[in-house]
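Peer 1:
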Amino acid sequence: MLHLHFKADADPSNILDTDALEIFQFEWGIYQTLVQSNSMNHREIADLLRELIDTHFDRPFTFIDLACGDSSLAHTVLEGSQVARYEGLDLSRPALQCGAEIMKEVPYEVDLDEEDMVAGIARRPESADMIWCGFSIHHLRTDQKQEMLASIRQALKPGGIFVCVEPVNAAGETRADYTGRWHHELKKRFAVLSDEEFDHIWDHIRTHDFPETPETWVEMGEKAGFSKSRQVFRMPGDLFCGGFLFEK
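Every number in the working numbering is 163 more than the matching position in the sequence shown, counting from 1.
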């Protein structure tokens, strides 16, 4: 059964005005291009998530997907698993509507909520066995990330796990160092994009990316009260992204 929840003060029939919808479609097209080309290692990330599910859950489990987008990664990862309930949170209504189409025939319960991930996860104490977030928490400042991890721990059932993949920087590297180092590298990595598309995504990175070192991610997990915090994934060949596992 699938449930799609929009904000109470919004008109479900009015997705977005024309200009906003065009922006969404442009940005979503960039994202889909990067996913299909595996420029950000989504295939390896999916393999990691499947492995962690197989390792931790030999019983029915619940899964929360923060900043879920169209839920396509979760749809792939959860296929054939014992997931009983999937919940996706995202602020983009068009993305959630895409997710509803993708998830409409799965054999488990689905809830898709138009909701901010920070506020949303804080309202869900002990509601999930597994929580996943990809390429989203790095938009928060360090103190906000710390608060987010504490909220995520509270949202997990005893024995639950949280997994995230986020951009990371090197020890001693400033944010200016990080963006300077990665402009040329990402231009090569994202060669599938047009100049206009790359400029758009680069403007987002230099404006909204606030990476942490892998060591800081582990330390924040420990400070948030997780029993175990460790890095479990590194994008091949560089320090651009790291994956982390936090166990309650």
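Glycine included, each C-beta is placed from N, C-alpha and C at the ideal position.
1. Within 10 angstroms of its Cβ, does Pro399 collect 16 or more other Cβ (buried), or is it exposed?
2. Curious, which full-length alpha helix (DSSP H) runs of at least 4 residues does the segment 178-233 contain?
3. Report the option in Lys170, Gly232, Glu329 whose CA atom is closest to the CA atom of Cys261.
4. Does DSSP put Asp340 in a helix, in a strand, or in coil?
5. Under the assumption that Pro377 contacts Gly343 (Cβ atoms under 8 Å), give the Cβ distance between them as a whole number of angstroms.
6. Keeping to the same chain, check which residues put their C-beta closer than 6 Å to that of Ala258; ignore five residues upstream and five downstream.
7. Tell me, which residues are paired with Phe444 by DSSP?
8. By how many angstroms is the C-alpha of His367 removed from the C-alpha of Ala333?
9. Could you tell me how far apart the beta carbons of Ala209 and Val246 are, in whole angstroms, since I believe they sit closer than 8 Å?
10. Give the DSSP-derived three-state secondary structure of Gly251 in the structure shown.
11. Along the alpha helix (DSSP H) that carries Asp362, what are the first and last residues, could you check?
12. Could you please give me the residues that DSSP links to Met293 through a beta bridge?
13. Under 8 Å, do Lys320 and Asp276 count as touching if we go by C-beta distance?
14. For Asn201 and Pro330, what's the separation of their Cα atoms in angstroms?
15. By the three-class DSSP mapping on this structure, what secondary structure does Lys386 have?
16. Please confirm if the segment 299-318 is in contact with the segment 277-291, defined as three or more CB-CB distances below 8 Å between the two stretches.
Peer 2: Put simply:
1. exposed
2. The segment 178-233 contains these whole alpha helix (DSSP H) runs: 181-199, 205-219.
3. Gly232
4. helix
5. In fact, because the Cβ distance is near 20 Å, the residues do not count as touching under 8 Å.
6. Apart from sequence neighbours up to five positions away, the residues of its chain that approach Ala258 with a beta-carbon distance below 6 Å are Gly232, Asp233, ordered along the chain.
7. Residue 444 falls outside the range modelled here, since the chain spans only 164 to 411, and no answer is possible.
8. Their Cα atoms are separated by approximately 20 Å.
9. About 14 Å; that fails the 8 Å criterion.
10. Three-state DSSP puts Gly251 in a strand.
11. First-last of the alpha helix (DSSP H) with Asp362: 358-371.
12. According to DSSP, which records beta bridges pairwise, Met293 is partnered with Phe226, Ile324.
13. No, the pair does not count as a contact, with Cβ atoms beyond the cut-off.
14. 16 Å
15. helix
16. Flag = yes, the segment 299-318 and the segment 277-291 touch.
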